[in-house]
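The numbering of the sequence shown is our numbering, which starts it at 2 and goes up by one.
Cβ atoms here follow ideal geometry from the backbone N, Cα and C, with glycine treated the same way.
No experiment lies behind these values; they were computed from the predicted model shown.
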Amino acid sequence: MNYDVCIIGAGITGAMTARKLAKYDLAVAVLEGAGDVAMGATKANSAIVHAGFDAEEGTLKARLNVAGCAMMPGETEELDVPFSMCGSLVCAYSDEEILHLEKLLARGIANGVPDLRIVGGEELRQMEPNISPDAVAALWAPTAGIVCPYELCIAACEHAAINGTEFFTNFRVTSIAREDDLFVVSDGERTVRARYLVNACGVHSAEMAQLAGEENFPIRIIPRRGEYMLLDRAEGDTAEHVLFSCPSANGKGILVSPTVDGNLILGPTAAAIDDPDDTATTEAGLALVQTGARHLVPGVNTRAVITQFSGVRPTPVGSDGDITKSDFYIHVSEQIPGLLHLAGIESPGLASSPAVGEYAVALLAGMGLELKERDNYKLGRPEKIRFRELTDAQRAEVIAKNPLYGKIICRCETVTEGEIVDAIHRPLGARDLDMVKRRTRAGMGRCGSGFCSPRTVEILARELDVPMSEITKCGGDSVILIGGEK
């Protein structure tokens with residue numbers, strides 16, 4: 002298996018890089034250690050498309066954030082991914098915090114963020130009726146937005162796949178060697194060879210650099226766990242915009258935000274941890290989430306929480322150990338020809354991702370990769386029907402073409418059998434319950450998949466032509482049934 006480019010990591014950074022490379026006549030492989038794409042920080046983050054006022058002026062992070070935010074409406078439209086430019090508000094509660102808003106405003110203007118301004122109390126309350134009465138002002142960023150991060154990642158990977166990119170999941174890299182000017186990447190059973198190697202491994206990017214032979218990698222990656230609460234869709238109108246408190250050295254703090262699917266999300270915390278794969282939630286962490294959320298919106302109803310989760314972000318730290326000065330580490334290796342690092346891409350990595358992908362392609366071209374546009378390049382991805390969003394007339398038309406769309410499987414989220422079957426047979430199709438959930442939202446409602454999972458298991462078994470006893474929740478040994486029949 003010989004390729005022009007091998008990307009290690011199928012989070013949003015690797016996915017967008019693969020999507021941008023798909024335009025060219027290249028053989029590209031993407032290796033992912035998990036059983037699906039978008040399984041690291043991309044699966045569990047705030048889902049915010051940041052406007053770009055937070056990153057320090059002159060940093061790569063600031064430039065790519067502003068560029069990526071401007072690209073996001075076009076990216077999501079082409080990929081048929083829901084996106085809302087709802088805007089964000091950073092709230093101040095004192096004169097001292099107003100001074101901080103003024104610093105953010107000046108920084109945002111220097112970074113090129115359009116239409117930033119500070120709004121006062123009365124206007125703020127017209128914009129956000131549920132905001133704390135103690136909030137005296139806010140920085141208004143109308144170009145900020147929200148998107149589903151894992152759906153965007155899946156869509157980018159589907160687009161790359163239909164243009165010839167090959168994806169290898171459950172590929173946990175154990176060795177990287179050099180033979181005849183090729184990188185030889187192995188998981189102990191499979192081997193991929195490529196002329197260029199892209200390290201997009203998130204919290205494991207420093208480890209991957211060392212595995213590739215990079216000595217004295219100039220940054221450390223500190224795993225920082227962020228815990229979240231997700232509220233039922235009945236609470237989705239609690240906030241109209243993304244609401245922040247003034248940021249600190251540990252990050253942007255606890256936020257309150259609507260989601261593109263109509264829920265309300267609260268979080269995250271920011272705790273440094275030792276294990277980069279530790280995504281547990283804690284009593285103390287969730288208590289901080291509740292306190293921080295009520296600081297912004299006192300009436301937020303945390304009794305409506307339907308799930309809680311955490312994600313681990315890769316915070317880069319340079320030799321001076323100062324987190325506040327950290328920047329994305331996007332560099333061509335000076336030691337190993339053909340190796341490109343896309344490391345330390347924490348928040349605003351989601352917002353920056355389209356621009357990061359383009360920047361990575363430009364760097365690869367500068368490294369010698371020939372970019373010849375593909376003759377049969379395909380835009381977008383196969384049409385995706387979201388039954389819950391259709392009008393009655395549109396639903397009738399869809400059902401007439403395919404009766405499976407007339408069978409509701411997930412009542413909480415109004416997901417049909419037709420949508421589940423489509424998710425199974427799309428590029429990078431679903432093979433377990435959680436893959437179906439991320440592609441259709443079946444099982445994401447208030448019942449926690451208690452009603453729809455048995456039918457989803459039956460559909461998976463039928464469409465994959467396997468016994469129901471082989472269907473899992475999330476791969477591996479997570480079987481749902483014992484002794485199930487085909």
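- Counting other Cβ atoms within 10 Å of its Cβ, Tyr378 stays below 16 and is therefore classed as exposed.
- Taking all protein chains in view, the Cβ of Asn200 is crowded by 16 or more other Cβ atoms within 10 Å, so the residue is classified as buried.
- Distance check between Gln127 and each of Glu97, Ala142, Arg179, Glu241 places Glu241 closest, using alpha-carbon atoms only.
- Rounded to the nearest whole angstrom, the C-alpha separation of Asn3 and Pro315 is 30 Å.
- If you look at Leu340, you'll find it in the beta strand (DSSP E) that goes 340-344.
- Taking the Cβ atoms as the reference, Asp433 lies roughly 6 Å from Lys474, within the contact range of under 8 Å.
- When rounded, the separation of the alpha-carbon atoms in Thr175 and Glu208 is 11 Å.
- Going by DSSP, Gly109 is part of the alpha helix (DSSP H) stretching over 96-112.
- Classified as exposed, Glu398 has fewer than 16 neighbouring CB atoms from the shown chains inside 10 Å of its CB.
- Per DSSP, the continuous beta strand (DSSP E) segment holding Thr316 begins and ends at 306-318.
- Pro259 has Leu265 as its beta-bridge partners, per DSSP.
- Secondary structure note for Thr283: it is in no alpha helix (DSSP H), with a DSSP letter that is neither H nor E.
- When C-beta atoms of the region 103-123 are compared with those of the region 400-419, fewer than three pairs fall below 8 Å, so the two segments do not count as touching.
- Apart from the 5 residues on each side of it in sequence, Asp81 sits with its Cβ closer than 8 Å to the Cβ of Ala156, Gly381, Arg382, Glu384, Lys385 in its chain, given in chain order.
- Rounded to the nearest angstrom, the gap between the Cα atoms of Leu244 and Val91 is 6 Å.
- Under a 10 Å Cβ-count criterion, Ala352 is classified as buried, with 16 or more other Cβ atoms of the shown protein chains found around its own Cβ.
- If you keep only unbroken alpha helix (DSSP H) runs of at least 4 residues inside the region 427-477, you get 434-441, 454-465.
- Here the alpha carbons of Ile49 and Ile274 stand approximately 23 Å from one another.
- For Tyr4, the uninterrupted beta strand (DSSP E) run begins and ends at 3-9, by DSSP.
- A straight-line Cα-Cα distance of about 9 Å links Leu117 and Thr144.
- The three-state reading of DSSP puts Ile222 in strand, counting E and B together.
- Closest in alpha carbon position to Glu124, among Asn112, Asp96, Leu140, Pro115, is Leu140.
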